[in-house]
Structures are given as C-alpha cells and as structure tokens.
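So the protein lines, in turn, are chains A and B.
Take any residue in the first sequence, count from 1 to its spot, add 4: that is its number in this note's numbering.
Take any residue in the second sequence, count from 1 to its spot, add 4: that is its number in this note's numbering.
Report on the following structure.
Protein chains: 2
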Amino acid sequence: MLTRAEEDHLKAVHRLLEDGIASTNAIAERLSTKTSSVTVMLQKLTEKGLLNYQPYKGVTLTREGREQAVALVRKHRLWETFLVEQLGFGWDEVHEVAEQLEHIQSPKLVDKLDDFLGNPAFDPHGDPIPGKDGKVRLRQTKRLEMCGPGESVRIAAVSETTDGLLRLLDSRGLRIGSYLHVQDVHVFDGSMDVKPKTGAPFNLSKTVIHHLQVEPA
Amino acid sequence: MLTRAEEDHLKAVHRLLEDGIASTNAIAERLSTKTSSVTVMLQKLTEKGLLNYQPYKGVTLTREGREQAVALVRKHRLWETFLVEQLGFGWDEVHEVAEQLEHIQSPKLVDKLDDFLGNPAFDPHGDPIPGKDGKVRLRQTKRLEMCGPGESVRIAAVSETTDGLLRLLDSRGLRIGSYLHVQDVHVFDGSMDVKPKTGAPFNLSKTVIHHLQVEPA
DNA sequence: TTATATTTTTAGACGCATCTAATTATTCTC
DNA sequence: GAGAATAATTAGATGCGTCTAAAAATATAA
Numbered sequence: 005m006l007t008r009a010e011e012d013h014l015k016a017v018h019r020l021l022e023d024g025i026a027s028t029n030a031i032a033e034r035l036s037t038k039t040s041s042v043t044v045m046l047q048k049l050t051e052k053g054l055l056n057y058q059p060y061k062g063v064t065l066t067r068e069g070r071e072q073a074v075a076l077v078r079k080h081r082l083w084e085t086f087l088v089e090q091l092g093f094g095w096d097e098v099h100e101v102a103e104q105l106e107h108i109q110s111p112k113l114v115d116k117l118d119d120f121l122g123n124p125a126f127d128p129h130g131d132p133i134p135g136k137d138g139k140v141r142l143r144q145t146k147r148l149e150m151c152g153p154g155e156s157v158r159i160a161a162v163s164e165t166t167d168g169l170l171r172l173l174d175s176r177g178l179r180i181g182s183y184l185h186v187q188d189v190h191v192f193d194g195s196m197d198v199k200p201k202t203g204a205p206f207n208l209s210k211t212v213i214h215h216l217q218v219e220p221a
Numbered sequence: 005m006l007t008r009a010e011e012d013h014l015k016a017v018h019r020l021l022e023d024g025i026a027s028t029n030a031i032a033e034r035l036s037t038k039t040s041s042v043t044v045m046l047q048k049l050t051e052k053g054l055l056n057y058q059p060y061k062g063v064t065l066t067r068e069g070r071e072q073a074v075a076l077v078r079k080h081r082l083w084e085t086f087l088v089e090q091l092g093f094g095w096d097e098v099h100e101v102a103e104q105l106e107h108i109q110s111p112k113l114v115d116k117l118d119d120f121l122g123n124p125a126f127d128p129h130g131d132p133i134p135g136k137d138g139k140v141r142l143r144q145t146k147r148l149e150m151c152g153p154g155e156s157v158r159i160a161a162v163s164e165t166t167d168g169l170l171r172l173l174d175s176r177g178l179r180i181g182s183y184l185h186v187q188d189v190h191v192f193d194g195s196m197d198v199k200p201k202t203g204a205p206f207n208l209s210k211t212v213i214h215h216l217q218v219e220p221a
C-alpha cells in the first residue's frame, strides 16, 4: 500500500509524462517540494516496482505504476463529479477537496460511487473518467476554433481551467454539456458569434474559443 | 490546523470522557499505540489549547477541544449516513471508511453533505449527529427490554455494534428506523415475540433485546 | 572543445509520530 | 503506612518525508 506522499509523486509522474518527459525539476515544481526530495521518492517508488528509473536518465511508469496512477485519476474525477453534480459545488472549487478525497482507501467505495453517479464518462471539467478496468472511452472532439458557421456542438472540455476562464464561462451560462450553435466567425479577430440552446446569441473571443473542446451535437 | 494523529487522539479523549475518565492507558488501547506515545500527544494538544492536562492528574477537554472533537464526530456520522443511505453500504461495514473520510478538511463540504442528506438527526447506527453549531437533538428512547405487549416502537439505536449482532439483525430485516409491534413477552427466558411492519412475527432473544434502543412509533 | 550553466543526485540534518526501556507517581493491599 | 502492583512519564532510538548544502552528471555556448 502506498503512502499519501508516494501517491502524490506517482500521480505527478503520470501527469507529466502525458505531455513529454517527467523531469525531477517539473515533479518538484508540481508538488511544491525540492528536487532532492523527489529523487529520494523516485528511488523508493522504483524499489516498489512502480517506476523505471535510472539516475540522471529519467523516469517512466511500469505497468503496475500506471495502473495505480490511473486508479488515482479515476478517484479524483469521480469525486469531482460527485461534488459538482450532487453537492452543488462550483466546478472551479472542487480540485482541492478532490485532491484529499482521492487518497481514501476503499475499492468498494470507488465502485459504489461510480455506480451512484451513473458511471459518468467525463468529469465536470470534461476530462475522461477511467473505468474500473483503467480504460478510458475516448470521444472525437475538436477545438471550437475549428468549427464553421452552421455547426451545432456540445462543450466537451475546457483545456485550461484558470479561475478567470471558468468564471467567464460561468457568467455566460456555459459549462460542460452546454449546447452551442455557431452563427458567425469573424476572421479579423478570430472571435465567434454563438447561440446557446436557450437565450440570446453572444460573442466569444479567440482566446476563449481556443480553450473549448467540443463534440458534434 | 490539526494533523491526523492529533485528531485521532482528540477524538479518543472525547469518546472516553463520555463514560468516565480518559486514562492514558485507555487512549493508547483505543488507538492501538503505546502509552508513551499518548503522553507526548497529550502534551502537544495541551500546548495547542485543546486539552487541560497535568502530568499524572488526568485530562479534560477545553471548550475549543470539545468543539473540534464534536466537529469530527459530526463528520464521521454524516459520512456513515451517506455511505449507507446513498451508496448502499451495509451499516456494519462503514466505520473504517468513515474513519478516513472524517479527516477531510473542508467546512463547506461537511455542510453541503449535511444538506444533501436532509440534515439527518441520526446516523445508521442510531447515534445522534451534531449540528453545525455542535448541538445534538436528543430523543427520549428506552430499551426494547422495557416494553410490554401491545407497544409499537421504532428502532432508534443499537448499543453494541458487534459484527455478530449486526448480521443477526440484518438477517431479520431489522435496522435503524424499522418499526416493531411487541406481541408477547416470555418471562421465563426474557425473549419477545415481535412483528415487523410487513412480514411474519418472530422471536428475539433477551440478549438481542437488551441492545436495542427504541422510541415510541 | 573547453568552460560555464543547468540539472540531478548524494550526504547529512530536522520535525513528527512512533517505539522500547528505564524512571517516577499513584494506588492497592496487608 | 510500608511494600507491591499498576499507571504514567521521560529519555533515547527509529522510520519517514522533508530540507539545505555540496558534489556529480549532463547540457549549452563561446
């Protein structure tokens, strides 16, 4: 069984490997610790068979390590879903609490929570929730940026979840699952006129559009 | 902010004070640690203003300590209620998980959970759930033992929650909130014939009856 | 390609919560 | 009330996860 610190390091490695390599520096940055502390933990996790690690050569996950990391992601996203959908938290205020809840040890709890929520495929941020078997169901999504006039889409994810962006979307009544009809695209500034399912059309700036992942409605 | 170990010790003191004094021995026993470890923690919690403690003289809670302890009890019982009522756990298998969940730090989460569950007054074991203000709503209950033929009651609590007893009650379809009509009391062995709301009457032994707290139905 | 800058690792220390062993208080018993 | 039994505390050690400082390996640039 892993300690909380071990789980945090494992998750950081997994996350960082998603877009490139997991450097000692980046891991330390992510966990707000020092690189020397990270090195020690990498050695320990290697000892436990969760990482492939050679001094100065970088690190990758073993099969077992990946499974454990994915299990943590699953827990994190299920709890976020619970907090937003059931308890009425704002989707921009759940991360910290989910960060704690993901360390609760009880396989039965995770599976029951999954069922309780209706085995959701995506969390409130639109990120896919791995299933019990660790598999994620992928969807074909694209950036709203890539859509043309006349297209009807559903917001599937927000790629950068800064507080500012989340609040902006919130003020427009937009969240994961919202439906949009693209009315017009303005070439000169990259902005877009969109119409929600209900209510009046409005304009979205290039910056916002860039961070919205959508799927065909 | 308290560490997990500190919270565990605080809760143990609170629990033990309920039926008498909280001896260093009893605390250690409860937490599966050694008395020397307990002494150190008592000193630390005193330092933090949560306990009144004098070497060899025993320990009591300060106002602040009691508030924190009650808050932990509140969290524990709310989570147990959630696990049983919402996720479908058996009431005899939630303690361990709730023991973990009670350490989650998020006042907002506790209050939202409370609302989500409909501000329940009692947990699945029939123990009262302190409110946000720390107050508990007391009920007049008595032992089923004390009831006579013709009385209709509702099971309010089980005073000894051993696995064996819980399973026995479960097999009879009995849990907190179940309604019973007392049909007959057998003086020679202290057993009782009772009839549930639905289904056939059955007999409950003196031992079982002794542990059932009931309120007027 | 050699010097310099950056990254990573190692070595040694610290705080926390625990332990064992030894010591000190308190309580019980005759 | 004195000695024995019990309970509680202190002293010192250990494991864990972190830190700082120093050393080693790798990458960059003139």
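By construction, the Cβ of each residue, glycine as well, lies at the ideal position given by its N, Cα and C atoms.
Handout entry: Contacts that residue 101(A) makes with chain B (C-beta to C-beta distance below 9 Å)
Key = The residue you call residue 101(A) lines up with position 97 of the first sequence. The answer, in chain order, is 108, 109, 110, 112 and 113.
Handout entry: Same chain only: Cβ atoms within 8 Å of residue 117(B), ignoring 5 sequence neighbours per side
Key = Here residue 117(B) refers to the residue found at position 113 of the second sequence. Excluding sequence neighbours, residue 117(B) sits near 82, 83 and 86.
Practice task
Given a cut-off of 9 Å, decide if residue 155(A) and residue 185(A) are closer than it, judged by their beta-carbon atoms.
Solution key: Within the first sequence, the letter at position 181 stands for residue 185(A). Within the first sequence, the letter at position 151 stands for residue 155(A). Yes, the pair counts as a contact, with Cβ atoms nearer than the cut-off.
Problem - CB contact flag (residue 56(B), residue 64(B), <9 Å) - result: Here residue 56(B) refers to the residue found at position 52 of the second sequence. Here residue 64(B) refers to the residue found at position 60 of the second sequence. Contact flag set, yes.
Exercise for the section: Give me whichever residues DSSP pairs with residue 5(B) in a beta bridge. Expected result: Here residue 5(B) refers to the residue found at position 1 when the second sequence is read from its first residue. According to DSSP, residue 5(B) bridges with nothing at all.
Exercise for the section: Give the single residue among 160(B), 27(B) and 54(B) whose Cα lies nearest to the Cα of residue 61(B). Expected result: For the purposes of this step, residue 61(B) is taken as the residue at position 57 of the second sequence. Checking every option, the nearest Cα to that of residue 61(B) belongs to 27(B).
Exercise for the section: Take residue 140(A) and list the residues in its own chain whose beta-carbon comes closer than 6 Å to its own, dropping the five residues that flank it on each side. Expected result: To locate residue 140(A), count along the first sequence from 1; it is residue 136. Closer than 6 Å at Cβ, skipping near neighbours: 132 and 134.
Exercise for the section: Give the residues from the stretch 50-75 of chain A that approach chain B closer than 8 Å (Cβ to any Cβ), ordered along the chain. Expected result: none
Handout entry: Distance cut-off 8 Å: residue 83(A) Cβ against heavy atoms of the ligand SAH
Key = Annotation note on the ligand SAH: not contained in the displayed structure, which lists no ligands.
Practice task
Would you kindly work out how many angstroms separate the C-alpha atoms of residue 9(A) and residue 211(A), rounded to a whole number?
Solution key: Against the first sequence, residue 9(A) aligns to sequence position 5. Against the first sequence, residue 211(A) aligns to sequence position 207. Going by C-alpha positions, residue 9(A) is about 36 Å away from residue 211(A).
Problem - For residue 97(B) and residue 187(B), the rounded distance between their alpha carbons - result: For the purposes of this step, residue 187(B) is identified with residue 183 of the second sequence, where counting begins at 1. For the purposes of this step, residue 97(B) is identified with residue 93 of the second sequence, where counting begins at 1. In a straight line, the C-alpha of residue 187(B) is about 32 Å away from that of residue 97(B).
Exercise for the section: Taking only beta carbons into account, state which residues of the stretch 7-23 of chain A come closer than 9 Å to chain B, listed in chain order. Expected result: none
Handout entry: Sub-9 Å separation of residue 200(B) and residue 178(B) beta-carbons
Key = Here residue 200(B) is taken as the residue at index 196 of the second sequence, counted from 1. Here residue 178(B) is taken as the residue at index 174 of the second sequence, counted from 1. Yes.
Exercise for the section: Measure the alpha-carbon distance for residue 101(B) versus residue 24(A) and round it to whole angstroms. Expected result: Position 97 of the second sequence holds residue 101(B). Position 20 of the first sequence holds residue 24(A). For residue 101(B) and residue 24(A), the distance between alpha carbons rounds to 37 Å.
Problem - Cβ neighbours of residue 20(B) in the same chain (closer than 8 Å, five flanking residues each side left out) - result: Residue 20(B) sits at position 16 when you count from the first residue of the second sequence. Around residue 20(B): 26, 27, 30, 31 and 34.
Exercise for the section: Please state if the CB of residue 114(B) and the CB of residue 78(B) are separated by a distance shorter than 9 Å. Expected result: In the second sequence, residue 78(B) corresponds to position 74, counting from 1. In the second sequence, residue 114(B) corresponds to position 110, counting from 1. Contact flag set, yes.
Problem - Neighbour flag for residue 79(A) against chain B, beta carbons, 9 Å - result: By one-based count along the first sequence, residue 79(A) stands at place 75. Not an interface residue.
Practice task
Could you confirm whether any beta carbon from chain A is found closer than 9 Å to the beta carbon of residue 170(B)?
Solution key: As a working mapping, residue 170(B) is identified with position 166 in the second sequence. Chain A contact via Cβ: absent.
Problem - Span separating the alpha-carbon of residue 104(B) from that of residue 191(B) - result: As a first step, residue 104(B) must be located in the second sequence, where it is residue number 100. As a first step, residue 191(B) must be located in the second sequence, where it is residue number 187. So the two alpha carbons sit approximately 45 Å from each other.
Practice task
Alpha carbon to alpha carbon, how far is residue 126(B) from residue 54(B)? Give it in angstroms, no decimals.
Solution key: Taking the second sequence and counting its residues from 1, the one referred to as residue 54(B) is at position 50. Taking the second sequence and counting its residues from 1, the one referred to as residue 126(B) is at position 122. Linking residue 54(B) to residue 126(B) through their CA atoms gives a straight-line distance of about 27 Å.
Problem - Contact residues within the stretch 196-217 of chain A, judged by C-beta distance below 8 Å to chain B - result: none
Practice task
State buried or exposed for residue 73(B), treating a residue as buried only when at least 16 other CB atoms are found within 10 Å of its CB.
Solution key: As a working note, residue 73(B) is residue 69 in the second sequence. Per the 10 Å Cβ criterion, buried.
Exercise for the section: Check the Cβ of residue 94(B) against every Cβ in chain A and list those closer than 7 Å, keeping chain order. Expected result: Looking up residue 94(B) in the second sequence gives position 90. The premise fails here: residue 94(B) is roughly 10 Å from chain A at the closest Cβ pair, so nothing lies under 7 Å.
Exercise for the section: Tell me, to the nearest whole angstrom, how far the beta carbon of residue 204(A) is from that of residue 158(A); I am working on the premise that it is less than 8 Å. Expected result: In the first sequence, counting from the first residue as 1, residue 204(A) sits at position 200. In the first sequence, counting from the first residue as 1, residue 158(A) sits at position 154. So it is not a contact: roughly 19 Å between Cβ atoms.
Problem - Which listed residue (181(A), 109(A) and 175(A)) has its alpha carbon closest to that of residue 206(A) - result: Reading the first sequence from its first residue, position 202 is the one you call residue 206(A). Closest by alpha carbon: 175(A).
Practice task
Output yes if chain B places a C-beta closer than 9 Å to the C-beta of residue 184(A); else output no.
Solution key: Here the question's residue 184(A) lines up with position 180 in the first sequence. It does not; no Cβ of chain B falls within 9 Å.
Exercise for the section: Could you tell me whether the Cβ atoms of residue 148(B) and residue 213(B) are closer together than 9 Å? Expected result: Sequence index remark: in the second sequence, residue 148(B) carries index 144 (1-based). Sequence index remark: in the second sequence, residue 213(B) carries index 209 (1-based). Between residue 148(B) and residue 213(B), the C-beta gap is smaller than 9 Å, which places the two residues in contact.
Exercise for the section: Could you pull out every residue in the same chain whose Cβ sits closer than 6 Å to the Cβ of residue 194(A), ignoring the five residues on either side in sequence? Expected result: Counting from 1 along the first sequence, the entry for residue 194(A) is found at position 190. If we look at residue 194(A) and ignore the five residues flanking it on each side, its Cβ neighbours are 210.
Exercise for the section: Report the residue from 161(B), 80(B) and 13(B) whose alpha carbon sits nearest the alpha carbon of residue 109(B). Expected result: If you number the second sequence from 1, residue 109(B) lands on position 105. It is 80(B) whose Cα lies nearest to the Cα of residue 109(B).
Handout entry: 9 Å Cβ cutoff met for residue 15(A) and residue 76(A)
Key = If you number the first sequence from 1, residue 15(A) lands on position 11. If you number the first sequence from 1, residue 76(A) lands on position 72. Cβ atoms of residue 15(A) and residue 76(A): closer than 9 Å.
Exercise for the section: Please list the segments of the beta strand (DSSP E) lying wholly inside the stretch 39-115 of chain B, counting only runs of 3 or more residues, in order along the chain. Expected result: 55-58 and 62-65
Practice task
Select from the stretch 117-145 of chain B all residues with a C-beta closer than 9 Å to any C-beta belonging to chain A, and list them in chain order.
Solution key: 117, 119 and 120
Exercise for the section: Buried or exposed for residue 128(A), please, with buried defined as at least 16 other CB atoms from any protein chain shown within 10 angstroms of its CB. Expected result: As a first step, residue 128(A) is located in the first sequence; it is residue number 124 there, counting from the start. Looking at its Cβ environment, which holds 16 or more other Cβ atoms inside 10 Å, residue 128(A) is buried.
Problem - chain B within 9 Å of residue 82(A), Cβ atoms only - result: Taking the first sequence and counting its residues from 1, the one referred to as residue 82(A) is at position 78. Not closer than 9 Å to any Cβ of chain B, the Cβ of residue 82(A) fails to qualify, so no.
Handout entry: Nearest residue (CA-CA) to residue 68(A), options 208(A), 138(A), 189(A) and 38(A)
Key = Taking the first residue of the first sequence as 1, we reach residue 68(A) at position 64. Nearest of 208(A), 138(A), 189(A) and 38(A) to residue 68(A), Cα basis: 138(A).
Handout entry: Backbone secondary structure at residue 14(A) - three-state DSSP
Key = What you label residue 14(A) is simply residue 10 of the first sequence in a count that begins at 1. Looking at residue 14(A) - three-state DSSP - the assignment turns out to be helix.
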